[in-house]
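Under our numbering, the first residue of the sequence shown carries the number 18, and numbering increases by one thereafter.
Input: a single structure, listed below in structure tokens.
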Amino acid sequence: MSIHVKDIYDCIDGFAPFGTQEKWDNSGLLVGSPSQTVSKILVSLDISLSAVEHARELGCEVIVSHHPIIFSPMKSLPCHSIVYEMAKNGIAGICCHTPLDIAEGGINDILVEKLWNVMDFSKNTELLDDDGCGRIVTLTKATSTLEIAKASKKALHCEMVRCSKWDENIEHIVRLGICSGSGASMLEEVAGKCDALLTGDVKHDRWYKAEELGLGLIDCGHYHTEIVMVKYVAKKLKIAFPDLQVFESKEGDPVSYV
């Protein structure tokens with residue numbers, strides 16, 4: 018019996034429902050036809066030009082990614098753009114963004130599991146916000162942002178981790194907020210709920226806002242807080258579709274550190 022793009026979409030919808038996405042998000046089947054037959058899938062954090070080329074070389078009919086390939090309204094479709102290359106090569110794109118952040122067992126729960134291996138806290142978590150984007154863990158003893166940065170660098174295999182300087186040696190953190198991707202916009206919302214926030218992509222002004230709020234801040238990078246989705250989604254798809262070939266993107270961090 019043939020497997021179609023819609024079957025892949027429905028499978029993902031089962032463990033990370035697209036209906037839970039944030040209002041500003043654009044998760045879903047963004048490129049291609051739901052009726053397209055599928056024999057090979059590539060799972061990638063992003064749909065980049067190199068990911069499309071990798072999928073083409075492997076013969077994959079669909080790429081499943083975390084970040085949406087189309088986010089803002091498109092006003093043109095230039096030749097050699099990523100979406101153009103996908104359409105030209107008959108490669109569909111299913112993007113599951115905030116539903117994977119929110120989902121039980123999804124990205125944020127995987128981050129908790131990985132950090133639990135190097136830090137001492139209960140696995141009983143609380144939701145960081147009302148939408149379910151992020152988790153809060155309670156440490157068994159107060160610690161500093163510097164110690165959390167060292168532990169998270171090891172747990173998430175980061176090239177570099179940044180932490181707030183004002184409290185790097187102050188052991189004041191008991192309740193640690195964890196938010197994959199870029200969560201520093203939530204500082205005002207989570208202040209009072211936790212003592213520090215571990216996230217990625219922290220902009221310059223957010224460090225000062227965190228200090229003003231008395232909130233520790235740890236930046237593990239966008240890539241390193243979300244790349245865990247590749248193995249997670251690939252495993253789910255392999256179990257659901259044992260007759261399909263499911264590949265994991267090996268693209269790696271798009272940034273070099275010197």
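Glycine included, every Cβ here is placed at the ideal spot set by N, Cα and C.
Delimiting residues of the alpha helix (DSSP H) encompassing residue i
i    : result
I256 : M246 to A257
C28  : V22 to F32
A213 : Here A213 belongs to no alpha helix (DSSP H); instead the beta strand (DSSP E) covers A213 to T216.
L145 : First-last for L145: undefined, no H or E at that position.
DSSP state of residue i mapped onto helix, strand, coil
i    : result
K170 : helix
I99  : helix
A120 : coil
S44  : coil
S82  : strand
F264 : strand
G200 : coil
I187 : coil
Extent of the continuous beta strand (DSSP E) run through residue i
i    : result
I58  : K57 to S61
K158 : R152 to T160
L234 : G233 to D236
A227 : A227 -> not in any beta strand (DSSP E); alpha helix (DSSP H) instead, spanning H221 to L230.
Beta-carbon spacing of residue i, residue j below 8 Å
i    : j    : result
G151 : G194 : yes
D42  : T115 : yes
T216 : G200 : yes
V55  : V81  : no
L62  : E243 : yes
Straight-line Cα distance separating residue j from residue i
i    : j    : result
D126 : H241 : 14 Å
G122 : S93  : 38 Å
G107 : L261 : 17 Å
V22  : C28  : 10 Å
I124 : L117 : 6 Å
L128 : C196 : 9 Å
V154 : L132 : 10 Å
Proximal residues to residue i (C-beta, below 6 Å), its chain only, five neighbours per side dropped
i    : result
E188 : A159, T160 and S161
D270 : Y240
Spatial neighbours of residue i in its chain, beta-carbon cut-off 7 Å, leaving aside the 5 residues before and after
i    : result
S181 : T162, W224, A227, E228, G233 and L234
I86  : L47, V48, I64, I99, V100, G110 and C112
Cutoff 8 Å; reference residue i; Cβ partners in own chain excluding five residues on either side
i   : result
S89 : none
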